[in-house]
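Keeping their order, the protein sequence lines are chains A and B.
Sequence positions in the first sequence follow UniProt numbering and run 1 to 106.
Sequence positions in the second sequence follow UniProt numbering and run 1 to 106.
Ideal Cβ positions, reconstructed from N, Cα and C, are used throughout, including at glycine.
There are 2 protein chains.
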Amino acid sequence: MQDNITKILKAIADPTRREIFHALVIATSALSITQICGQFSMSRQGVTKHIKTLEEVGLVDITTKGRERFCLADVQPLKQVSEWMKFYEKFWDGALGNLGTYLDAN
Amino acid sequence: MQDNITKILKAIADPTRREIFHALVIATSALSITQICGQFSMSRQGVTKHIKTLEEVGLVDITTKGRERFCLADVQPLKQVSEWMKFYEKFWDGALGNLGTYLDAN
DNA sequence: AAAACAAGCAACTTTTTGGTTGCATATTTT
DNA sequence: AAAATATGCAACCAAAAAGTTGCTTGTTTT
Chain A
1 MQDNITKILK AIADPTRREI FHALVIATSA LSITQICGQF SMSRQGVTKH IKTLEEVGLV
61 DITTKGRERF CLADVQPLKQ VSEWMKFYEK FWDGALGNLG TYLDAN
Chain B
1 MQDNITKILK AIADPTRREI FHALVIATSA LSITQICGQF SMSRQGVTKH IKTLEEVGLV
61 DITTKGRERF CLADVQPLKQ VSEWMKFYEK FWDGALGNLG TYLDAN
């Protein structure tokens, strides 16, 4: 299909998914699907789908406990984004950042 | 419409756009639309569209010179992504985000 | 055992996105 | 001035994504 960094970027490119992810990161404990859905105005299935795509890229881990499924955020995949950006950070301070800085540094 | 960070993330979530952006960042000078298109197998209009969305979020600056339009990469917008991620970097080292806390608590 | 609850699956609709082709316009070049 | 070049614009198409609703399955609770 597509490469990993693309999938991760697509996952966080959606505002609802960023909200869900954020809610999970700041949560003091794992949240069940229903608990998460309760925080959004859209349908349960809509939220569930978003959680699923987050899970697929590893930004959310899910553990089943009885009839409930508890979600936890995992920031690890973001490292790949960070890694991708690292190259461009070299150009942070060049006014319009093109090669100059890069050549100097290498 | 949508907020800025969302637009920037969507822009870089597409692999072709990341390629175009990268080509511009490492270019020694501004590249014309045709020069950029030459590097891709898809149609000129396809590439042009991608360049346009990159321009809309500020990742590419364009200057017209006669009948040509020259493109330069601008990494600045990526700072917003970096900024967004900063919050989550705090959790970089918790093995699985807050899973530890969760397991301990049960 | 029946009712209530948590959640998944599947089908379907709408919108967005990635990509195409054809045509128009302005600028060079010959 | 005619031909060639660089590009934009608009319409169109196909595939993917976002979101909905209805039904099913398993687990608790009463």
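One or two residues paired with Thr34 (chain A) in a DSSP bridge = Position 34 of the first sequence, counting from 1, holds the residue named residue 34 (chain A). Partner(s): none; Thr34 (chain A) has no beta bridge.
Residues bridged to Val60 (chain A) by DSSP?
-> The residue you call residue 60 (chain A) lines up with position 60 of the first sequence. In the DSSP output, where bridge partners are listed per residue, Val60 (chain A) has A:Ala73.
If you count every other CB in all the chains shown that lies within 10 Å of the CB of Phe87 (chain B), and 16 or more means buried, which is it?
-> Taking the second sequence and counting its residues from 1, one reaches residue 87 (chain B) at position 87. It counts as exposed.
Assuming Val60 (chain A) and Ile5 (chain A) form a contact by the criterion Cβ under 8 Å, report the distance between their Cβ atoms to the nearest whole angstrom.
-> By one-based count along the first sequence, residue 60 (chain A) stands at place 60. By one-based count along the first sequence, residue 5 (chain A) stands at place 5. At roughly 18 Å, the Cβ-Cβ gap does not stay under 8 Å, so Val60 (chain A) and Ile5 (chain A) are not in contact.
Beta-carbon proximity list for Gly97 (chain B), same chain, < 6 Å, skipping 5 on both sides = The sequence position of residue 97 (chain B) within the second sequence is 97, counting from 1. With a pLDDT of 45 at Gly97 (chain B), under the threshold of 50, the predicted position of this residue should be treated as unreliable, though the coordinate-derived value follows. Cβ neighbours of Gly97 (chain B) beyond the five flanking positions: Phe91.
With a CB to CB cut of under 8 Å and the five nearest residues on each side skipped, what residues in its chain are close to Asp104 (chain A)?
-> Numbered from 1 along the first sequence, position 104 holds the residue referred to as residue 104 (chain A). Confidence at Asp104 (chain A) is low in this model, with a pLDDT of 39, below 50, so its placement is unreliable and no value can be given for it.
Looking at C-beta atoms only, is the number of pairs between the segment 25 to 37 of chain B and the segment 6 to 25 of chain A that lie closer than 8 Å three or more?
-> no
Tell me which same chain residues have a C-beta within less than 8 Å of the C-beta of Asn106 (chain A), skipping the five on either side of it?
-> Translated into the one-based positions of the first sequence, residue 106 (chain A) becomes position 106. With a pLDDT of 39 at Asn106 (chain A), under the threshold of 50, the modelled position of this residue cannot be trusted; read the value that follows with caution. Cβ neighbours of Asn106 (chain A) beyond the five flanking positions: none.
Taking Cβ-Cβ distances below 9 Å as the criterion, which residues of the segment 70 to 86 of chain A are in contact with chain B?
-> Phe70, Leu72, Ala73, Asp74, Val75, Gln76, Leu78, Lys79, Val81, Ser82, Trp84 and Met85
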